Amino acid sequence: MSQIRIIEVKENILANNDQQAQKLRESLRQQHTFLLNLMSSPGSGKTTLILKTIELLRDKLRIGVMEADIDSAVDAEKIAAVGIPAIQLRTGGLCHLDCAMTSQGLAELGPEIFDLIIIENVGNLVCPAEFDTGAVKNAMILSVPEGDDKPLKYPLMFSTCDALLINKIDYLTIADFDIEAVKKRVYALNSKIKIFEVSAKTGQGMEAWCDWLYQEVLAWSEA
Ligand SMILES: Nc1nc2c(ncn2[C@@H]2O[C@H](COP(=O)(O)OP(=O)(O)OP(=O)(O)O)[C@@H](O)[C@H]2O)c(=O)[nH]1
Ligand SMILES: [Mg+2]
């Protein structure tokens, strides 16, 4: 049986989510805890990328992970297996996390003992972009097999994020994926976004991503 703590989170439909999210960010700032919200389609590589990020940053930062899924605890089990505190948030059918759900997870995890907490949001490119979780930064993955047209089809997600990871670049040689066209489409939606080309599987490009994330965590802890 799974030893992972599973939290059945409930959304708060009455309160103003954006106001709550601002309050949560302020309390995270006081605790010097950086919350990263990672979003993408199912299977684009969120858990694999989190594991690789842990490998590269665990000597420098105290890291915790909140996995959100409609069901199961398999992702949180993978994180816990490498010795990193992880909890599984179950959304009971909802396709996103809101700030109230994030807060319930943080209360279980104890945010004050972490420099960096990563949320793996529910896999899809639509609903998660519509709800502020209270995270300090939002990042998303677009993986090569998904196709280079996604910024045209899901513009809100690309507009909302501070960083885009183009993952599975080890597939570039066999996929019909125009990386320059993707960048052009994304910058047209969001000129400030940072774009990283990575393979979470081989580790290619992961250092540039982890350097950026580390600098963001440091800047937040000094804010
Ligand atoms: N070739 C290749 N495979 C990858 C890469 N990153 C992830 N994968 C594979 O893609 C599959 C899905 O990866 P996950 O990390 O589980 O994806 P996810 O986004 O967490 O999936 P959900 O939690 O179900 O939304 C796994 O078989 C990974 O090994 C990569 O950079 N290259
Ligand atoms: Mg996953």
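Here the sequence shown is numbered in the numbering used here, starting from 548 and rising by one per residue.
Ideal Cβ placement from N, Cα and C applies to all residues, glycine included.
Being a predicted model, the structure only gives us computed values, none of them experimental.
- Pairing residue 694 with residue 723, the inter-Cα distance amounts to about 7 Å.
- With fewer than 16 neighbouring CB atoms inside 10 Å of its own CB, residue 738 falls in the exposed class.
- Taking 8 Å as the cut-off, the beta carbon of residue 578 is found closer than this to the beta carbon of residue 658.
- Shown here, residue 564 sits in a helix according to DSSP, grouped into three states.
- When the beta-carbon positions are compared, residue 663 and residue 581 come within less than 8 Å of each other.
- Excluding sequence positions up to five before and after residue 661, its CB lies within less than 7 Å of the CB of 580, 609, 610, 611, all in the same chain and listed in chain order.
- For the set 748, 731, 565, the Cα lying nearest the Cα of residue 699 is the one of 731.
- Shown in chain order are the residues whose CB sits closer than 5 Å to a heavy atom of ligand 2: 593, 594, 622.
- DSSP places residue 577 within a helical segment (H, G or I) once states are collapsed to three.
- Ranked by how close their Cα comes to the Cα of residue 570, the residues 728, 634, 647, 690 have 647 in first place.
- With a threshold of 16 other beta carbon atoms within 10 Å, residue 628 falls short and is exposed.
- Rounded to the nearest angstrom, the gap between the Cα atoms of residue 760 and residue 640 is 31 Å.
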